[in-house]
Structures are given as C-alpha cells and as structure tokens.
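Q: Numbering (the working numbering), first residue to last: 3 to 263.
All C-beta atoms in this analysis are idealised placements derived from N, C-alpha and C, irrespective of residue type, glycine included.
Take a look at this one; I'll ask things after.
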Amino acid sequence: MQPLPVDGAPDALQLFEDRLRAGDPRAGLDAPGDRAAAADICRRLEGIPLAIELAAAGIGRHTVAQLATRIGTRFDAPVDAEDLTASRLDLLADDSLWPRRHRTLRTTIGWSHELCTPLERLLWARLTLLRTDFDEEVAREVCTGGPLTPHEVDRALQGLVAQSVVQRDGTRYRMLDTLREYGRMWLKELGEERAAADRHARSFLGLARRAHEGWTGPDQITWYHTIADTHLDLCAALDHLLAHDVAGAQEMAGRVGFFWA
C-alpha cells in the first residue's frame, strides 16, 4: 500500500483516528492539541499505513501528545550499535541499502516492539515460524515453552492483536511479512530458531496425521482445503524434518500424499 498524503490531506489522520477508535471506541482526538499531535505523528511516519496503525495501537499507554514526543525522540536519536534494545534492522538504515520509507517503517516497528511486554515480544518471535493464517490451538502448539505457558500464549496473542502486530479475522490470525521479518531477527537473537522449528514441525506433522486419518471420511473436502491453506507451513516443516528427522519427513510426505500427488 502506498503512503497516504500528510500535508493538508485528512487521509492519514483519519486512519490514525479510526485505528485509535478500533482499540477503544471511547478514544478520539478531542483533547486540546490532540489533532495537531496526531498530524505530527503522521508526518513523522510519512503517511505509511502500517506505521500509522502500529503507532495508534500504542496509544493506550500514552496520551497522543506523549506518543508524538516518544516517536520524535525515537526518530531523532542516533542508533547506538552497543545498545541491545536497538533494532538490528535499524542498523541497516543506510541510504545505499534502504529507501527512506523503509527505514521509517523499520524504526516504527522497533518502537512498537519496545512497547510490548516481554512475553508478547517472545510470542512475536516464535510466531514468525508460521507462514500462513493460524488459530489459537496452533499458536499454543508452536509457541508454548519456558515462560510461555498455553494460558500466557493466549494472553500475549491478544496483546499483539491490540498492538496491531497480529491481525485477527474471526478465529484466525495472521502476521504481515514485514513484522514477521522483524520478529524472526529477534528469534535468532534469542537462540531459539532450532527449538521453534522443532515445535513447528511437530505441530504440522500432527496435522498431516489427522488429515490422513480423515481423508477417507465425510470431511474429505474440509481436509483438502485445510492442507491447501497450510501448504507453506507444511513445506517448511517438511524441509526442517528432511534436515533433522528423515523418518518424520517420510511420514509427512506419505500422510499428505493425497494433496501432493
């Protein structure tokens, strides 16, 4: 999506206010100075829709004026390569590597990441293994471990929805590629890539087994669509199993052979 105009045009400001009200129907830009502060935020974010949505989602913990100040501070401050809270992606903010719009978005994502609780950040990182839409059960299977109990996964997932990091459509959830890329960087920083990939592969091997059992029953069409919808995750799980569990890979290929045949 192209950036929205911000100089004298209402589109960016309207998106900010709409996202603000989506998080809290009672919220608005009614306090003195709110509209001017919101317009400043939109200008800082160069009208980039995702950046505006992420910023508006963080308003619950700040006033609009405070949010404008925090974003201004974030954008004006130099990146310290020794600061472990600074985004490694922000360190790539070089004119020769990234257009200015990309740097703006990456900085906003890093700021949004800092607003999340520690468990929300951990879930954000672990959810990046999921390439397709998912439900709460899959999120628990792939992300539970250590401080993230099944209950905490559910709780942190709702927090990420509130922050616009994860989008919800009924019982299904999804993460945009840009946000997944950022979370995947943190998964690597945490040293959890292998463990997360193991859980992901186990989860989708289990799905393949259930699909195989249900293929000859009355839910055949439903299972066909389920396998089609999760094709990217099944392929990723199969690649991981081929590298680390050949027997598991052979089983997965056999279980969903009806789809790949």
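Measure the CB-CB distance between Gly30 and Glu48 and report whether it falls below 8 angstroms.
A: By 1-based counting over the sequence shown, the position of residue 30 is 28. By 1-based counting over the sequence shown, the position of residue 48 is 46. No, the pair does not count as a contact, with Cβ atoms beyond the cut-off.
Q: Give every residue of the same chain whose Cβ lies closer than 7 angstroms to the Cβ of Thr71, excluding the five residues on either side of it in the sequence, and list them in chain order.
A: Indexing the sequence shown from 1 puts residue 71 at position 69. Counting only Cβ-Cβ distances below 7 angstroms, and skipping sequence neighbours, we find nothing.
Q: Look at Ile54 and Ala14 and say whether their C-beta atoms are less than 8 angstroms apart.
A: As a first step, residue 54 is located in the sequence shown; it is residue number 52 there, counting from the start. As a first step, residue 14 is located in the sequence shown; it is residue number 12 there, counting from the start. It is a contact, given that the beta carbons lie within the stated cut-off.
Q: Three or more C-beta pairs closer than 8 angstroms, one from the segment 122 to 140 and one from the segment 198 to 209: is that the case here?
A: With a cut-off of 8 angstroms, the segment 198 to 209 and the segment 122 to 140 count as touching, because enough Cβ pairs lie within range.
Q: At the level of alpha carbons, what is the spacing between Ser89 and Ala249?
A: Here residue 89 corresponds to residue number 87 of the sequence shown, with the count starting at 1. Here residue 249 corresponds to residue number 247 of the sequence shown, with the count starting at 1. For Ser89, the predicted structure reports a pLDDT of 43, less than 50, and the residue's modelled location is therefore unreliable. A value from the coordinates is still provided. Ser89 and Ala249: Cα-Cα distance of roughly 39 angstroms.
Q: With 16 other CB atoms within 10 Å as the buried threshold, where does Asp97 fall?
A: Position 95 of the sequence shown, counting from 1, holds the residue named residue 97. With a pLDDT of only 42 at Asp97, under the threshold of 50, the placement of this residue in the model should not be trusted, and no figure is reported.
Q: On the premise that Tyr175 lies in contact with His115, defined as a C-beta separation below 8 angstroms, what is that separation, rounded to the nearest angstrom?
A: As a first step, residue 115 is located in the sequence shown; it is residue number 113 there, counting from the start. As a first step, residue 175 is located in the sequence shown; it is residue number 173 there, counting from the start. Contact flag wrong, Cβ pair sits at about 18 angstroms.
Q: Out of curiosity, what's the CA-to-CA distance linking Arg157 and Ala255?
A: By one-based count along the sequence shown, residue 157 stands at place 155. By one-based count along the sequence shown, residue 255 stands at place 253. Using only the alpha carbons, I get a separation of about 34 angstroms.
Q: From which residue to which residue does the beta strand (DSSP E) around Gln169 run?
A: Against the sequence shown, residue 169 aligns to sequence position 167. Here the beta strand (DSSP E) through Gln169 covers Gln169 to Asp171.
Q: If Ala59 and Gln165 are in contact, beta carbons under 8 angstroms, what's the gap, nearest whole angstrom?
A: The count along the sequence shown starts at 1 and reaches residue 59 at position 57. The count along the sequence shown starts at 1 and reaches residue 165 at position 163. At roughly 5 angstroms, the Cβ-Cβ gap stays under 8 angstroms, so Ala59 and Gln165 are in contact.
Q: Closest to Gly147 by C-alpha separation, out of His202, Met177, Gly161 and Asp171, would be which residue?
A: In the sequence shown, residue 147 corresponds to position 145, counting from 1. Ranking the options by Cα distance to Gly147, first place goes to His202.
Q: Select from Leu17, Ala141, Pro34 and Leu159 the residue whose C-alpha is nearest the C-alpha of Pro120.
A: As a working mapping, residue 120 is identified with position 118 in the sequence shown. Minimum Cα distance to Pro120 is reached at Leu159.
Q: Go ahead and pull the three-state DSSP assignment for Leu129.
A: As a working note, residue 129 is residue 127 in the sequence shown. Leu129: helix per DSSP, three-state reduction.
Q: So, for Gly25: in the same chain, excluding its five sequence neighbours on each side, which residues have a beta-carbon less than 8 angstroms away from its beta-carbon?
A: As a first step, residue 25 must be located in the sequence shown, where it is residue number 23. Excluding positions up to five away in sequence, the list reads Ala58, Ala59, Ile61, Gly62 and Ala164.
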